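In the working numbering, the protein residues as written are 738 to 929.
Take a look at the structure:
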């Protein structure tokens, strides 16, 4: 998904209020809002396939959302709100029903226009969330998945087409090929 600056400085409270009743979602980065563009069929198919695998693995007290639930981060009086491609959180939400502040897993599927943001800005902000156990970045162009874990000091673990991996936060063991199973030809897993 791509981004475009939407407006000048607004307060975080104004952003949360405005965001409830909009036709175009925006992410909030310390006073600036950025309109989100739509995602391609390839991006949506990879996200949906991974979302279903995660959702089927979750216990009843955990929830998974795809692209429409905001995660809110406060760090040293700076506020950020993002719409992760996939987010998992456990336990009841006793606050604002449009946001989560306690994810255990976040997944972003890279787009050419978001790669730098997902791997730097979002990574730096996501890992400040005390409940986050894993951050997963999925390539859209080639079968390649990166997993960052709190238990591994957020060091990158890389997985390629022939590899399997475990998401400890949700107890899911799967393969890279399984995540890309519906887009094999588009990402080079099938050559005909």
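Heads up, the beta-carbon is just placed ideally off N, CA and C, and yes, glycines get one too.
What you are looking at is a predicted structure, and each value in this text was computed from that prediction instead of being measured.
How long is the line joining the alpha carbons of residue 828 and residue 777, rounded to whole angstroms?
Counting from 1 along the chain shown, the entry for residue 828 is found at position 91. Counting from 1 along the chain shown, the entry for residue 777 is found at position 40. Note on geometry: alpha-carbon atoms of residue 828 and residue 777 lie some 32 Å from one another.
Boundaries of the alpha helix (DSSP H) in which residue 784 is found, first to last residue
Counting from one through the chain shown, the residue named residue 784 turns up at place 47. Per DSSP, residue 784 belongs to the alpha helix (DSSP H) from 778-794.
Could you tell me the alpha carbon to alpha carbon distance between residue 900 and residue 773, rounded to whole angstroms?
As a first step, residue 900 must be located in the chain shown, where it is residue number 163. As a first step, residue 773 must be located in the chain shown, where it is residue number 36. About 32 Å.
DSSP beta-bridge partners for residue 836?
Translated into positions along the chain shown, residue 836 becomes position 99. 807, per the DSSP bridge assignment.
Apart from the five residues just before and just after residue 876, which ones in its own chain have a Cβ nearer than 6 Å to its Cβ?
Here residue 876 refers to the residue found at position 139 of the chain shown. Within the same chain, residue 876 has close Cβ partners 847.
So, is residue 739 buried or exposed, given that buried needs 16 or more other C-beta atoms within 10 angstroms?
In the chain shown, counting from the first residue as 1, residue 739 sits at position 2. Residue confidence for residue 739 is low, a pLDDT of 49 falling below 50, so the modelled location carries little weight; the figure read from the coordinates is stated next. Result: exposed.
Under a Cβ-count criterion, where at least 16 other Cβ atoms within 10 Å of its own Cβ denotes burial, should residue 789 be classed as buried or exposed?
Your numbering for residue 789 matches position 52 in the chain shown. By the neighbour-count rule (16 or more Cβ atoms within 10 Å), residue 789 is not buried but exposed.
Taking the C-alpha atoms as reference points, what is the distance between residue 922 and residue 882?
Start at 1 with the first residue of the chain shown, and residue 922 comes out as number 185. Start at 1 with the first residue of the chain shown, and residue 882 comes out as number 145. One C-alpha to the other measures close to 17 Å.
In chain order, what residues of the same chain lie with their CB nearer than 7 Å to the CB of residue 794, ignoring the 5 residues before and after it?
Numbered from its first residue, the chain shown carries residue 794 at position 57. Same-chain partners within the cutoff: 907, 908 and 909.
Considering only residues of the same chain and omitting the five flanking positions on each side of residue 796, which have a CB-CB separation below 8 Å?
Within the chain shown, numbered from 1, the residue matching residue 796 stands at position 59. Contacts found: 827.
Rounded straight-line distance, which links the Cα of residue 887 to that of residue 870
Numbered from 1 along the chain shown, position 133 holds the residue referred to as residue 870. Numbered from 1 along the chain shown, position 150 holds the residue referred to as residue 887. CA-to-CA, the gap between residue 870 and residue 887 works out to about 5 Å.
Could you check what DSSP says for residue 856 in three-state terms: helix, strand or coil?
Reading the chain shown from its first residue, position 119 is the one you call residue 856. DSSP places residue 856 in helix when its eight states are reduced to three.
Close beta carbons around residue 905, own chain, < 8 Å, minus the five adjacent residues each side:
Looking up residue 905 in the chain shown gives position 168. Hits under 8 Å: 870, 871, 886 and 888.
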